[in-house]
Amino acid sequence: MRSVVCGVGGYLPERIVTNDELAKTVDTSDEWIQQRTGIRERRVAAKDETTVDLAHKAAEAALSNAGMTAQDIDLIIIATTTPDLTFPAAATLLQNRMGIHHGIALDIQAVCSGFVYGVATADSYLKNNLGTCALVIGAETFSRILDWQDRTTCVLFGDGAGAMVLKAVPEAEAEGRGVLANRLRADGEHWDKLYVDGGPSTTGTAGYVRMQGREVFRHAVGMISDVVEGAFADSGFTVDDLDWFVPHQANRRIIDGVGKKLNLPAEKVVVTVDRHANTSAASVPLALSEAVGDGRIKRGDLVMLEAMGGGFTWGASLIRW
Numbered sequence: 157m158r159s160v161v162c163g164v165g166g167y168l169p170e171r172i173v174t175n176d177e178l179a180k181t182v183d184t185s186d187e188w189i190q191q192r193t194g195i196r197e198r199r200v201a202a203k204d205e206t207t208v209d210l211a212h213k214a215a216e217a218a219l220s221n222a223g224m225t226a227q228d229i230d231l232i233i234i235a236t237t238t239p240d241l242t243f244p245a246a247a248t249l250l251q252n253r254m255g256i257h258h259g260i261a262l263d264i265q266a267v268c269s270g271f272v273y274g275v276a277t278a279d280s281y282l283k284n285n286l287g288t289c290a291l292v293i294g295a296e297t298f299s300r301i302l303d304w305q306d307r308t309t310c311v312l313f314g315d316g317a318g319a320m321v322l323k324a325v326p327e328a329e330a331e332g333r334g335v336l337a338n339r340l341r342a343d344g345e346h347w348d349k350l351y352v353d354g355g356p357s358t359t360g361t362a363g364y365v366r367m368q369g370r371e372v373f374r375h376a377v378g379m380i381s382d383v384v385e386g387a388f389a390d391s392g393f394t395v396d397d398l399d400w401f402v403p404h405q406a407n408r409r410i411i412d413g414v415g416k417k418l419n420l421p422a423e424k425v426v427v428t429v430d431r432h433a434n435t436s437a438a439s440v441p442l443a444l445s446e447a448v449g450d451g452r453i454k455r456g457d458l459v460m461l462e463a464m465g466g467g468f469t470w471g472a473s474l475i476r477w
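FYI, in my numbering the residues of the sequence shown are 157 to 477.
(1) For R333, I'd like the list of residues in its chain whose CB is within less than 6 Å of its CB, leaving aside the five on either flank, ordered along the chain.
(2) Alpha carbon to alpha carbon, how far is Q227 from A472? Give it in angstroms, no decimals.
(3) Is the segment 288-297 in contact with the segment 227-237, if contact means three or more CB pairs nearer than 8 Å?
(4) Excluding five sequence neighbours on each side, which residues of the same chain lie with their C-beta closer than 7 Å to the C-beta of D263?
(5) Between which two residues does the alpha helix (DSSP H) harbouring F373 extend?
(6) For the alpha helix (DSSP H) containing I410, list its first residue and its last residue.
(7) So, is D315 buried or exposed, given that buried needs 16 or more other C-beta atoms within 10 angstroms?
(8) Jot down the residue ranges of each uninterrupted beta strand (DSSP E) in the segment 302-381, minimum 3 residues, whole runs only, in chain order.
(9) Would the beta-carbon of A437 fall within 8 Å of that of Q405?
(10) So what does DSSP say about R199, is it helix, strand or coil?
(11) Tell me, please, which residues DSSP counts as bridged to A235.
(12) Between V395 and N419, how many whole angstroms is the CB-CB distance? I'm expecting something under 8 Å.
(13) Looking at S269 and W400, is the spacing between their C-beta atoms short of 8 Å?
(14) To the nearest whole angstrom, what separates the beta carbons of I172 and E197, a pair I think is in contact under 8 Å?
(15) Could you tell me which of V440, G360, M367, S381 sits nearest to V272, measuring between CA atoms?
(16) Tell me which residues share the same chain as S299 and place their Cβ nearer than 8 Å to its Cβ, disregarding the 5 neighbours each side in the sequence.
(17) When we look at the beta-carbon of F243 and count the other beta-carbons within 10 Å, is it buried (16 or more) or exposed?
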């Protein structure tokens, strides 16, 4: 079986927070933020808007793009660091909201790598007959766990959701399309370089994001390049065969650094970080949604996804569109 992409979709909250607006409350500036991150603005969810709300809108957009309905779905995976409740899983809340009462629903917590982990998990489930059609979603309300007085973190993140529909198709009928290779990694030794200082079992609160920015940057390019090159090795393709590179939208300097290390032409790299900042697990599917929507990514294209997040976790997926 092959896990073939049938549709993608994304959703961003209405409220836009520019760098200039942030500069009114913390010691920063538009020039400082853009120079170090490439970010111009980010979206922030309304007070009554939850992660499941964002996920629902992205899911509907992906199903519409796929020409499917909710009843076609029997596997829902939501990658999120900011679920509505400690439990049950956001995926079960979404499942109920969409009127689906069959199949599997679960959350994945791999922070910014969550969507890539979700794609790999759905691919494995579908290939092992644990589902026939999957909805994989990255959704975050990261604004809820930011210390808005900490200029080293609050300028980096935003809210949003992106979704992908994957369908199990016999390989003989897939025409070469589908998920071709996945590489996932984690190393908990680096947990304190990017983490949240709270949780149900420790402080009893959600906590705030804390980050050693230089340390994250120092590890990012090498780790990301490693899994990307591994996915190429597993599939038999090379960087020269690639049509599009869709990286985690964390920092423009990291994106450019990985591109240079892989010898990727800049015109093959999808970049959206300037307009929605780092939306954690939502960033890759949001970038995918934009590139598919504007016609850049087309059927038959070879597309590489990659991400790295707190933990550290990191991973890559190679997909024939």
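Ideal Cβ placement from N, Cα and C applies to all residues, glycine included.
In short:
(1) V160, R476
(2) 29 Å
(3) yes
(4) I234, T236, P239, A245, A246, A247
(5) 369-391
(6) 408-417
(7) buried
(8) 315-325, 334-342, 350-352, 365-367
(9) Cβ atoms of A437 and Q405: not closer than 8 Å.
(10) strand
(11) I264, G294
(12) 6 Å
(13) no
(14) Rounded to whole angstroms, the Cβ separation of I172 and E197 is 5 Å, and the two are in contact under 8 Å.
(15) V440
(16) V200, A201, F313, G314, D315
(17) exposed
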